[in-house]
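*Asks:* Everything in the sequence shown is counted per my numbering, starting at 21 for the first residue and increasing by one.
The beta carbon of each residue, even a glycine, is placed where N, CA and C say it ideally should be.
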Amino acid sequence: MKPTLRVMTEQPFNAETPAEHLTSWITPTAVFFSRNQGAIPARRISLKRWRLTVEGEVDRQLTLTFDELCRLPRAIAADTLECSGNGRSLLGERTSGNPWTIGGVGNAVWAGVWLRDVLAEAGLKPTARHVACEGFDTPLGTAGVKFIRSIPLAKALASTLLATEMNGEPLPLKHGYPLRALALGWTGANCVKWLSRIMVREQPWEGFYMDSVYRLFPKGQDPRSGEVVTAIKLKAIITRPQPAAKIATGSVAILGAAYAGEADVARVDVSTDGGATWRPAEFIGPHEPYAWRQWQFLWEARGPGQYRIMARAFDTEGRAQPMEAALNALGYGNNGVREHAVAVTIA
Ligand SMILES: Nc1nc2c(c(=O)[nH]1)N[C@H]1C(S)=C(S)[C@@H](COP(=O)(O)O)O[C@H]1N2
Ligand SMILES: [Mo]
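1. Going straight from the alpha carbon of TRP206 to that of ARG71, what length do you get?
2. Quick check on DSSP: helix, strand or coil for MET330?
3. Could you check the C-alpha separation between LEU135 and ALA264 for me, to the nearest Å?
4. Give me, in chain order, the residues of the same chain whose beta-carbon lies closer than 6 Å to that of ALA331; leave out the 5 immediate sequence neighbours on both sides.
5. Whose C-beta lies closer than 6 Å to the C-beta of GLY281 among residues of the same chain, with five residues either side of it excluded?
6. From GLN31 to LEU215, what distance separates their C-alpha atoms?
7. When you measure from the CB of CYS211 to every non-hydrogen atom of ligand 2, does any distance come out below 6 Å?
8. So what does DSSP say about PRO243, is it helix, strand or coil?
9. What whole-angstrom Cβ distance do GLN314 and GLY305 have, given they're in contact under 8 Å?
10. Write down the C-beta distance between GLU344 and GLY356 rounded to the nearest angstrom, noting that I regard them as a contact closer than 8 Å.
11. Would you decide whether THR269 is buried or exposed? Buried here means 16 or more other CB atoms lie within 10 Å of its CB.
12. Put ASP289 into one of helix, strand or coil per three-state DSSP.
13. Straight-line CA distance for GLY107 to ILE65?
14. With DSSP collapsed to three states, give me the class of THR49.
15. Should ARG235 and VAL220 be called a contact, given that it needs their Cβ atoms to be closer than 7 Å?
16. Going straight from the alpha carbon of TRP45 to that of PRO300, what length do you get?
17. When you measure from the CB of TRP214 to every non-hydrogen atom of ligand 1, does any distance come out below 6 Å?
18. Which residue wins for smallest C-alpha separation from LEU202, given the options ALA340, ALA59, LEU42 and ASN127?
19. So ALA256 is in the alpha helix (DSSP H); what residue range does that whole segment cover?
20. Going by the beta-carbon positions, is the gap between GLY58 and PRO172 smaller than 7 Å?
21. List the residues that DSSP assigns as beta-bridge partners of PHE317.
22. Please give the ranges of any alpha helix (DSSP H) in the region 53–132, keeping only runs that are unbroken, at least 4 residues long and fully inside the region.
23. With burial defined as no fewer than 16 other Cβ atoms inside 10 Å of the residue's Cβ, what is the status of GLN241: buried or exposed?
24. Can you name the start and end residues of the beta strand (DSSP E) that LEU181 belongs to?
25. Can you tell which of GLU302, ILE329, VAL78 and GLY155 has the C-alpha that lies nearest to the C-alpha of ALA296?
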């Protein structure tokens, strides 16, 4: 059977990964979630025509060809990418936006060059504080606002990859071919696809995608009163069994993943009785910075009945995943535990 995404909107194309495809450490590229504010370019740009410009608070403005970019030292990093709105439909309160369940997240191994090496070629002026990235995708809608986002210079220098490859292949068209930014451990909105222009600035970029959305503010307040969404929050998800699955009594492997953005997941606890008692899960597979950890919990399901299984993550800095996420007007960052509750019928 051909793997498929759960499509939420066709135009722009927004689709999430079904939970059964979140069980491997690397999310297969074919089912990796897709989130777009504008139109995915119709075809791959020719690499001969493609250029990356670097401008603003730099000593030398640069215009790099693809070959010139690829001559910089090669960088490889795993990174779990999550859309800021992931989990929105599982919030207690309704907020507008794409109705993600748990599949607005995926892990891949990305390769390319470090943004810091590109910035070093251009040379930073002492006034440089923020790095704005612009993609060449065409906006949808009458306002025609381009997807431009800036990140603080410190993040750009410390841990931001410019990726030309995803899981060992050229970046697929819908994930930003031929180049995308990846602020490692930060939400998708900080990871501009189809990257063509880098603007080094004194101030953050101002515009719709910086000031009106991707901010955490209470309903009815000015978006600008809220913080810009940056790092991905601590969260555990259950990938198997599916909600409302029917399973026979006996040994049941509960599978899941847990991620912590820039932090490291230290432990995942699992409850099979709706949160009354908890026991630690066991980690399986690779353990890399910025990447999720897969885990399993072997459960002896003895009697028939309804069970509520839950998972909760803890990081190495002593933080616990909240039982309920803090609410904000746009429903970002739902990392509450309740969304992982599933009803299991024992046959
Ligand atoms: N140029 C451009 N970059 C973009 C976007 C976009 O619409 N245009 N969407 C952002 C958002 S909100 C997310 S969650 C990620 C999604 O990346 P993916 O489609 O590769 O999964 O891309 C980000 N980068
Ligand atoms: Mo996103």
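*Replies:* Quick answer:
1. 26 Å
2. strand
3. 45 Å
4. ALA256, ILE258, GLY276, VAL288, VAL290 and HIS360
5. GLY205, ALA251 and ILE252
6. 21 Å
7. no
8. helix
9. 5 Å
10. 4 Å
11. exposed
12. strand
13. 33 Å
14. helix
15. no
16. 19 Å
17. yes
18. ASN127
19. Where ALA256 is concerned, there is no enclosing alpha helix (DSSP H), although the beta strand (DSSP E) it sits in stretches over 255–260.
20. no
21. ILE274
22. 86–90
23. exposed
24. 180–186
25. ILE329
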